[in-house]
Ligand code: NAD
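In the numbering used here, the protein residues as written are 1 to 294.
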């Protein structure tokens, strides 16, 4: 079994990005600048945004964190987005999800300038991605592709089963794995909460990408020998014996499934750090394209 080490790989990618930033500096040009908008004080969102801002510092980007109270109106948030769209200092920005219930997520998504949409969630980017055109690929699927590619996991002609059809992970992952290119050319089955006999399908899979958010859902008796496992899940499971009062669990019962796997991502230290590295990569791409001037 080989561990798909997202921590190490993401550090390699950040080092590569830092080299590019140094070259930008040497040319006397402006370094990439990522902004993040956080509405409310959800614990997990605060942690994610904090990691994204720290990652910017590590690679030499500028970063701006805009924290808005839970009670922020939709109009106020849309105004903030409009300001970021028009601010030439900012190359890319993200609006951390989930948003409070009184704010329409779709409206917010559509308000983001696609050239600055480094999360790759805007329909223009999603459509371009699906058509294999140049676009921002959502950070989590982008990170998974990088992990598979850098560990030279064979995907061509393999049967990849994706569990979960969210717009940010499962659905784009299923599209990307079936496309042409490195870490792709798979035959893909996309499964979801209405899928019948899931374990019959997963038992036929060469590669399983799990993104459903149910701790330790995928068990050893649901997979075949030598399977490749990518575990996207992040759940906080209460555990009074831990200082934080919880432990982080993935969607895969790691101890038992890893024994049957050829490659597997750990949680934490797998897909999570890759997501952050690819957000930085998208910001660098945005800077290089100079999208904020178009
Ligand atoms: P989501 O929470 O929006 O949706 C869950 C999906 O799972 C749905 O499409 C649903 O159809 C499917 N599902 C639910 N029960 C199922 C079942 N029994 N069988 C098959 N499919 C089932 O999905 P999400 O936003 O992709 O999040 C999934 C998990 O991934 C969460 O734990 C989330 O925290 C985590 N996540 C991690 C990262 C990362 O960077 N590592 C990024 C995004 C999400």
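Ideal Cβ positions, reconstructed from N, Cα and C, are used throughout, including at glycine.
Residue i: CB within 6 Å of a non-hydrogen atom of the ligand NAD
{"i": "residue 73", "result": "no"}
{"i": "residue 236", "result": "no"}
{"i": "residue 122", "result": "no"}
{"i": "residue 205", "result": "no"}
{"i": "residue 46", "result": "no"}
{"i": "residue 315", "result": "Examination of residue 315 is not possible in this model, given that the chain is present from 1 through 294 alone."}
{"i": "residue 35", "result": "no"}
{"i": "residue 159", "result": "no"}
{"i": "residue 188", "result": "no"}
{"i": "residue 272", "result": "yes"}
{"i": "residue 80", "result": "no"}
{"i": "residue 211", "result": "yes"}
For residue i, three-class secondary structure by DSSP
{"i": "residue 15", "result": "helix"}
{"i": "residue 48", "result": "helix"}
{"i": "residue 218", "result": "strand"}
{"i": "residue 256", "result": "helix"}
{"i": "residue 231", "result": "strand"}
{"i": "residue 91", "result": "coil"}
{"i": "residue 279", "result": "helix"}
{"i": "residue 292", "result": "Caution is warranted here: a pLDDT of 47 is assigned to residue 292, below 50, making its placement in the model unreliable, and no coordinate value can be reported."}
{"i": "residue 79", "result": "helix"}
{"i": "residue 153", "result": "coil"}
{"i": "residue 62", "result": "strand"}
{"i": "residue 261", "result": "strand"}
{"i": "residue 165", "result": "coil"}
Residue j beta carbon less than 7 Å from that of residue i
{"i": "residue 232", "j": "residue 188", "result": "no"}
{"i": "residue 274", "j": "residue 147", "result": "yes"}
{"i": "residue 34", "j": "residue 63", "result": "yes"}
{"i": "residue 13", "j": "residue 277", "result": "yes"}
{"i": "residue 7", "j": "residue 269", "result": "yes"}
{"i": "residue 249", "j": "residue 235", "result": "yes"}
{"i": "residue 94", "j": "residue 280", "result": "no"}
{"i": "residue 211", "j": "residue 164", "result": "yes"}
Rounded Cβ spacing between residue i and residue j (contact assumed at less than 8 Å)
{"i": "residue 230", "j": "residue 265", "result": "5 Å"}
{"i": "residue 99", "j": "residue 106", "result": "Not a contact, Cβ separation roughly 10 Å."}
{"i": "residue 91", "j": "residue 32", "result": "5 Å"}
{"i": "residue 271", "j": "residue 191", "result": "Contact flag wrong, Cβ pair sits at about 18 Å."}
{"i": "residue 205", "j": "residue 161", "result": "4 Å"}
{"i": "residue 218", "j": "residue 208", "result": "7 Å"}
{"i": "residue 186", "j": "residue 227", "result": "Residue 186 to residue 227, Cβ: 13 Å. No contact."}
Cutoff 6 Å; reference residue i; Cβ partners in own chain excluding five residues on either side
{"i": "residue 125", "result": "114, 117, 135 and 136"}
{"i": "residue 78", "result": "111"}
{"i": "residue 267", "result": "231 and 250"}
Spatial neighbours of residue i in its chain, beta-carbon cut-off 7 Å, leaving aside the 5 residues before and after
{"i": "residue 45", "result": "38 and 96"}
{"i": "residue 237", "result": "215, 246, 247 and 249"}
Own chain residues within Cβ distance below 8 Å of residue i, not counting five before or after
{"i": "residue 47", "result": "none"}
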